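All the letters of the sequence shown, read from the start, carry residue numbers 1 to 464 under full-length UniProt numbering.
Where is the CB? At the ideal position from N, CA and C, for every residue including glycine.
Since the model is a prediction, treat every value here as computed from it, not as a measurement.
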Amino acid sequence: MRAARSDPEAAWPPPISPDETDEERDTRLEQEREAKRVSDAIDLALNAERESKKKSVHGAKILLLGQAESGKSTILKNMQLHFSPTAFHAEAELWRPVIHLNLVRSANFILNLLSPRSSGTTSPTSNLLLDDTVRRLIFSLAPLKSVETSLTKRISGSAGTTDNQFKSNSIDNPYAHYNPAKAPEIAVRSGAGWKGLLKFRRQSGAVASPEDMQNRRIINACADDIVTLWRNPDVQEKLRQEEIYLKDQPGFFLEDVERITKEDYLPTPDDVLRARVSTIGPEEHLIPMESSLENGNGKDWIVYDVGGDRSQRAAWAQFFDTVTVIIFLAPVSAFNQALAEDETVNRLADSMKLWRMICTNKLLASVDLILLLNKIDILDAQLKAGVQFSKYVTSYRDKPNETDAVSKYLLDMFTALHKQHSPSKKRKMHPHLTCAIDTKATAVVITHIQELILIKTLSQTNIL
């Protein structure tokens, strides 16, 4: 049967004779049924063998869940830094164009906000007069638009896409595709292999192309003006009036301009963690263990980073089978933000809805859940700046507007949802308050996950 299935010259079933008798027909049909049974058995055996190989080659399978911009990719990069530091540092140079693009897009976002040709806006700042300094900055930083186009093409392999980008740009306003409330991101499709493309160019000696060097020179030449733009009191006032908080958004590097615009700049681990590339669709990442430390069962980890946008959440269920643990990230700093896909939905409320959905799913009844209440540093800054948590979460009422009290309240709410909706009373939830860009604190959480997987593996082998 194997030969018949692999040899295109072998005809099966054999040709039917025009003089076939009833008895011969019955015999032929029986042979065909038997052949199909054997073929199906072979397919089942091959599938079982394939699945067995998957389980034997790799260790823990970890699924990262949470809405968009919850910090999933940053946690993934922390795992890579923690377990594969050599590979992580070797790839640092590949993140330079991403970091430069993050910087350039933030600058262009501000230029769009200041542009006197921004039409169709009813913001309170649209009618304010610009002083000569700002007008000069708008003119002197105009080359950053071409740098953005070049870097986007380099990373994505095309002109690229940004979130909330229109199909065409206005000739009168080259910044027309920017969302008026959020700096845009570079978006690449899953499996695009942008790092592999850049790595190939580096290995082939094509990394420092004339266009690359030109981009670096332009960014370096614009450094002082970018700093002046960001520190300008009128710019800061306009951002405040528009309630735009660039510091809290992914890929923010406007306070590191002098360092990252040097032509010999090499990204640090902290820079890589803060760099932002949005992936459309699920991504599978193999994390090899470089150290001799046990990682749960002595093998590499597979981490699935799936998209958090509403349009991508339907794909989550396909990863529920055979997953070892689920890491769910809820950005607690988003209590005063609306969902990008639906401005009528509060982001914190959406995270709680997703958490309830995960807790309720019967396929995950035996899967341990690790809850990361993330971006606690941004929450702390917001509360200290006077943002009232109870204004957006009315059930909080008159409790203290302090980080510890708010964190405890949120932790109690997520814990209650797990307890109420979990199909198994034995399943454990492991909560943490995290700041994903804090490598030391996140390393402690990763160590806890490592120990959890080890204990679960030993339990499955009846050692514990």
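- Item | Per-residue burial, lysine 72 [other beta carbons within 10 Å of its own, 16 or more giving buried] | buried
- Answer yes if the stretch 96–115 comes into contact with the stretch 320–332, meaning at least three C-beta pairs across the two stretches below 8 Å, and no otherwise. Short answer: they don't touch.
- Query: Candidates Glu34, Ile244, Met213 and Thr324: which alpha carbon is nearest lysine 456's?
  - Reply: Thr324
- Message: Bridge partners for asparagine 374 per DSSP, in chain order?
- Response: Pro331
- Query: Which one or two residues does DSSP pair with histidine 432 in a beta bridge?
  - Reply: DSSP, once it has assigned bridges, lists Leu372 as partnering histidine 432.
- Query: Are residue 469 and leucine 81 close, meaning C-beta to C-beta below 9 Å?
  - Reply: Outside the displayed range of the chain (1 to 464) lies residue 469, so it cannot be described from this structure.
- Task: Would you list the residues sitting across from valine 303 in a DSSP beta bridge?
- Result: Ile62 and His285
- Task: Could you name each continuous beta strand (DSSP E) segment of 3 residues or more that falls completely within the stretch 344–430, going from the start of the chain to the end?
- Result: Inside the stretch 344–430, DSSP marks whole beta strand (DSSP E) runs of 3 or more residues at positions 368–374, from first to last along the chain.
- Smallest Cα separation from lysine 238: which of Ala315, Pro423, Leu130 and Asn78? Considering only alpha carbons, the answer is Leu130.
- Do the CB positions of aspartate 305 and proline 288 come within less than 9 Å of each other? no
- For isoleucine 326: DSSP bridge partner residues: Isoleucine 326 has Leu63 and Leu369 as its beta-bridge partners, per DSSP.
- At what residues does the beta strand (DSSP E) containing serine 84 begin and finish? First-last for serine 84: undefined, no H or E at that position.
- Query: Going by DSSP, which residues form a beta bridge with aspartate 342?
  - Reply: Leu339
- Query: How long is the line joining the alpha carbons of methionine 79 and phenylalanine 389, rounded to whole angstroms?
  - Reply: 32 Å
- Query: Which residue from Thr394, Asp398, Pro400 and Met429 puts its Cα closest to that of leucine 411?
  - Reply: Met429
- Local conformation of glutamate 9 per DSSP, three classes: Low per-residue confidence applies at glutamate 9: pLDDT is 38, beneath 50, and the placement is therefore not dependable, though the value from the model is reported in the following sentence. If DSSP states are grouped into helix, strand and coil, glutamate 9 belongs with coil.
- Where do the N-terminal and C-terminal ends of the alpha helix (DSSP H) with isoleucine 226 fall, by residue? If you look at isoleucine 226, you'll find it in the alpha helix (DSSP H) that goes 223–231.
- What's the C-alpha gap between alanine 443 and isoleucine 370? Roughly 15 Å separates the two Cα atoms.
- Message: Please classify residue 484 as buried or exposed, where buried requires at least 16 other C-beta atoms within 10 Å of its C-beta.
- Response: In the structure as shown, the chain starts at 1 and stops at 464, and residue 484 therefore has no counterpart that could be examined.
- Query: Measuring CA to CA, which of Glu284, Ile280, Leu452 and Phe253 is closest to aspartate 309?
  - Reply: Ile280
- Item | Coil, strand or helix - threonine 279 by DSSP | strand
- Task: Only counting runs of 4 or more residues, tell me where the alpha helix (DSSP H) segments fall wholly within the stretch 87–116, in order along the chain.
- Result: 96–114
- Query: Cα-Cα, which of Asp43, Leu373, Asp22 and Lys145 is closest to asparagine 102?
  - Reply: Lys145
- Task: Could you check what DSSP says for leucine 273 in three-state terms: helix, strand or coil?
- Result: helix
- Message: Our contact map puts leucine 363 next to phenylalanine 320 with C-beta atoms below 8 Å; I'd like the distance itself, whole angstroms only.
- Response: 5 Å
- Message: Whether or not the stretch 23–34 and the stretch 264–283 are in contact is what I'm after, with contact meaning three or more pairs of Cβ atoms, one per stretch, closer than 8 Å; do they touch?
- Response: no
- Message: Please report the distance separating the alpha-carbon of proline 85 from that of lysine 440.
- Response: Taking the straight line joining both Cα atoms gives about 14 Å.
- Task: Let me know if alanine 275 comes out buried or exposed under the rule of 16 or more other beta-carbons within 10 Å of its beta-carbon.
- Result: buried
- Relative to the C-alpha of glutamine 249, which residue among Ser278, Cys222 and Arg231 is closest? Ser278
- Query: When DSSP labels each residue in this structure, what does alanine 142 get in the three-state scheme?
  - Reply: Alanine 142 falls in the coil class under three-state DSSP.
- Quick one: residues in its chain with C-beta nearer than 7 Å to the C-beta of serine 150, no 5 flanking neighbours on either side, listed in chain order? Glu211 and Asn215
- Message: Using 8 Å for Cβ pairs, my map puts leucine 137 next to threonine 261. What's the rounded Cβ distance?
- Response: The Cβ separation is near 16 Å, so there is no contact.
- Item | Straight-line gap, lysine 77 to alanine 436 (C-alpha atoms, nearest Å) | 9 Å
- Rounded to whole angstroms, what's the CA-CA distance from serine 115 to cysteine 222? Just pull it up for me. 18 Å
- Task: Return the CA-CA distance between arginine 427 and leucine 452, expressed in angstroms with no decimal places.
- Result: 13 Å
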